[in-house]
Amino acid sequence: MDIIFADPAVCDRVVASGAINAQNISHLYDVPSEGVQIIPYKAVYAIKITMPRKVISGDILDDDIYGCQQHLPLADLQVFSEEERE
Numbered sequence: 001m002d003i004i005f006a007d008p009a010v011c012d013r014v015v016a017s018g019a020i021n022a023q024n025i026s027h028l029y030d031v032p033s034e035g036v037q038i039i040p041y042k043a044v045y046a047i048k049i050t051m052p053r054k055v056i057s058g059d060i061l062d063d064d065i066y067g068c069q070q071h072l073p074l075a076d077l078q079v080f081s082e083e084e085r086e
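FYI, in this note's numbering the residues of the sequence shown are 1 to 86.
Here is the structure:
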């Protein structure tokens with residue numbers, strides 16, 4: 001999954017917040033945190049998230065074969081700056 005930002009300052013704020021981490025993604029997507037990778041890619045103001053699939057693509061239990069709904073759980077993630085966390 002890729003999160004792409006139009007504003008580099010917003011991208012920097014989200015990366016600096018630490019909100020997008022393996023533990024949070026594991027919780028939101030119900031996958032083991034050991035398999036979650038978070039890769040900030042500042043050259044294009046993006047964050048790449050990789051995680052294990054629960055079932056193989058195309059399996060009868062696959063509820064998102066195209067990945068087009070993977071962003072929905074992120075709506076529950078709160079991002080706070082360091083000042084806001086204090």
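No residue lacks a Cβ here, since even glycine has one placed at the ideal position from N, Cα and C.
Buried/exposed call for residue i, threshold 16 Cβ in 10 Å
| i | result |
| --- | --- |
| Ile39 | exposed |
| Val15 | buried |
| Tyr66 | exposed |
| Asn21 | exposed |
| Cys68 | exposed |
| Tyr25 | It should be pointed out that residue 25 corresponds to Ile in this sequence rather than to Tyr. It counts as buried. |
Residues that DSSP places opposite residue i in a beta bridge
| i | result |
| --- | --- |
| Ile3 | Ile47 |
Short Cβ contact (8 Å threshold) for residue i with residue j
| i | j | result |
| --- | --- | --- |
| Tyr45 | Phe5 | yes |
| Ser81 | Ser33 | no |
| Asp2 | Lys48 | yes |
| Leu77 | Ala19 | yes |
| Thr50 | Gln70 | no |
Cβ-heavy atom distance, residue i to the ligand NAP, below 7 Å
| i | result |
| --- | --- |
| Asp12 | Absent from the structure shown: the ligand NAP. Ligands present: none. |
Residue ranges of each alpha helix (DSSP H) within the region 29-85, 4 or longer | Unbroken alpha helix (DSSP H) stretches of 4 residues or longer found wholly inside the region 29-85: 82-85, given in chain order.
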